Amino acid sequence: MALAACKPVALDPQSNAAGQLRPAATASAEPACKPSAPKTRTAPTGYAFPALTGRVVDGAKLLSVSERRRLSDRLVDAEKQARHQFVVVTVTSLGGHDIGDYGRKLGNFWGVGRQCYDDGILLIVAPNERKVRIEVGKGLEAQLTNDEAKAIIDKDILPRFKAGDFPGGIFAGSEAIIREINA
24 MALAACKPVA LDPQSNAAGQ LRPAATASAE PACKPSAPKT RTAPTGYAFP
74 ALTGRVVDGA KLLSVSERRR LSDRLVDAEK QARHQFVVVT VTSLGGHDIG
124 DYGRKLGNFW GVGRQCYDDG ILLIVAPNER KVRIEVGKGL EAQLTNDEAK
174 AIIDKDILPR FKAGDFPGGI FAGSEAIIRE INA
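Residue numbers for the sequence shown follow the working numbering, beginning at 24 and rising by one.
The structure is reproduced here in structure tokens:
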């Protein structure tokens, strides 16, 4: 499908049985970016990825149930406005992999973002390795550059993490990312 034929759609906050984030029903008569048929995905050799269970995948257990719910609701609201899928993931281990490689492969494995726009966003936190990364699809690189992502990490996330406030850093970073992609 050509890029020009793709239209933004609202997204359902739940994932389907294959773990893909799915488009929600929309009132628009415009053709939507068609999601590819669910397919069985295999993680790249040497990578163990968590299951995609929603907008917040908190494998490192940094957030309370109410914090996960509140963050997920915020990400869904942001998605309805900007149409970009945004997932926050915390992991106990990167399995010895570079966080950038891990994030790119995880985003591709999960299929975050609309396929014809490549506009997914991941905020990845690996507290045991003391790593944090913002990964964006190529379709968002002009809106959220590497320098801007680094500034968000340095200004909004790390100061809170260093103070032991992981939820605060995750929320502040998520809000800064949302502001940047909506600017």
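Glycine included, every Cβ here is placed at the ideal spot set by N, Cα and C.
These numbers come from a predicted model, not from an experiment.
Item to check | Stretch-stretch touch, CB-based, cutoff 8 Å, three pairs: the segment 137-147 with the segment 187-204 | outcome: yes
Checklist entry - Using the C-alpha atoms, what's the distance from Ile180 back to Gly187? => result 11 Å
Checklist entry - Does DSSP classify Asp81 as helix, strand or coil? => result strand
Checklist entry - Between Gln104, Gln108 and Tyr125, which lies nearest to Phe72 when the distance is taken from Cα to Cα? => result Tyr125
Next on the checklist: Am I right that Val112 and Leu98 are in contact with their C-beta atoms under 8 Å? What's the rounded C-beta distance?
Outcome noted: Contact doesn't hold; Cβ gap of about 12 Å is too wide.
Checklist entry - Distance, Cα to Cα, Gly119 vs Gly162? => result 28 Å
Checklist entry - Got a sec? Which residues, its chain only, sit under 6 Å from Pro190 by beta carbon, not counting five neighbours each side? => result Leu86 and Glu90
Next on the checklist: In the DSSP output, which residue or residues are listed as bridge partners for Lys154?
Outcome noted: Ala149
Checklist entry - Nearest-angstrom Cα distance between Lys84 and Gln166? => result 30 Å
Next on the checklist: When you compare the CB positions of Pro108 and Gly136, do they come within less than 8 Å of one another, or not?
Outcome noted: In the sequence on display, residue 108 carries Gln and not Pro. It is a contact, given that the beta carbons lie within the stated cut-off.
Checklist entry - Beta carbon of Ile176, beta carbon of Ile157: below 8 Å? => result yes
Checklist entry - Among residues of its own chain, excluding the 5 on either side of Gly82, which ones have a beta-carbon nearer than 8 Å to its beta-carbon? => result Pro73, Val112, Thr113, Val114 and Thr115
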